[in-house]
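First comes the structure, then the notes that go with it.
In this note's numbering, the protein residues as written are 262 to 437.
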């Protein structure tokens, strides 16, 4: 569910009940496609603020859907659904992902899956000095071990910290 922070009420409310014109927009990750409908672990249940680039894209997508499918209640329409409005299956998502990356340069269509986006998210945050504990919380891991060993594919070498610190402690000066 996509929600916005309503300053007036000091609470999070579904975007379908209010509007997009709020500074904070988030997504609730509280349900799963698992048979039970529950998430893998209790830490997997979380609410994540959505970056503004994504907010603008989602808003545009919902406006386009309203234009194409009429003014039915937003709360009854899926943001991401099949052409006939039903929930997307894992195969629907994989097929649409393959179509989306079909003409992307430098991407091997056979190697990339939607899951790779999760790995890329972790790697990008890591490369931009976000603490591993924060990244683990964002992706719903109970600790940092899986995040570090499975998900984080370093974009730059990780073993540069020691040399960087030593260069600061012992800067090169003019040769005697």
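From the three backbone atoms N, C-alpha and C, an ideal C-beta is built for every residue, glycine too.
> Where does residue 267 fall in DSSP's three states?
Replying inline: In the chain shown, counting from the first residue as 1, residue 267 sits at position 6. Strand, per DSSP.
> Are residue 409 and residue 393 closer than 8 angstroms when you measure CB to CB?
Replying inline: Within the chain shown, the letter at position 148 stands for residue 409. Within the chain shown, the letter at position 132 stands for residue 393. Cβ distance < 8 angstroms, so residue 409 and residue 393 count as in contact.
>> Assuming the contact rule is C-beta atoms closer than 8 angstroms, residue 497 and residue 374 should be a hit. Round their C-beta distance to whole Å, please.
In response: Outside the modelled stretch of the chain, which goes from 262 to 437, sits residue 497, for which no answer is possible.
> Looking only at C-alpha atoms, which of 413, 277 and 289 sits nearest to residue 385?
Replying inline: One-based indexing of the chain shown puts residue 385 at position 124. That would be 413, whose Cα lies nearest to the Cα of residue 385.
>> Would residue 289 and residue 265 be called neighbours here (beta carbons separated by less than 8 angstroms)?
In response: On the chain shown, residue 289 is found 28 positions in, with the first residue counted as 1. On the chain shown, residue 265 is found 4 positions in, with the first residue counted as 1. Not a contact, by the Cβ cut-off of 8 angstroms.
> For the alpha helix (DSSP H) that residue 368 lies in, which residues bound it at each end?
Replying inline: Walking along the chain shown from the start, residue 368 turns up at place 107. Where residue 368 is concerned, there is no enclosing alpha helix (DSSP H), given that its DSSP letter is neither H nor E.
> According to the Cβ coordinates, are residue 399 and residue 309 closer than 8 angstroms?
Replying inline: Counting from 1 along the chain shown, the entry for residue 399 is found at position 138. Counting from 1 along the chain shown, the entry for residue 309 is found at position 48. Result yes, Cβ atoms of residue 399 and residue 309 sit closer than 8 angstroms.
> Using the rule of at least 16 other Cβ atoms within 10 Å of the residue's Cβ for burial, across every protein chain shown, is residue 321 buried or exposed?
Replying inline: Counting from one through the chain shown, the residue named residue 321 turns up at place 60. Residue 321 should be labelled exposed.
>> Using a Cβ-Cβ cutoff of less than 7 angstroms, which residues in the same chain neighbour residue 396 once the five nearest sequence positions on both sides are dropped?
In response: Mapped onto the chain shown, residue 396 falls at position 135. Only 383, 386, 387 and 408 meet the Cβ criterion.
> Whole alpha helix (DSSP H) runs in the region 379 to 431 with 4 or more residues, listed along the chain?
Replying inline: 393 to 399 and 422 to 430
> Three-state secondary structure (DSSP) at residue 309?
Replying inline: Here the question's residue 309 lines up with position 48 in the chain shown. The answer is strand: DSSP assigns residue 309 an E or B state.
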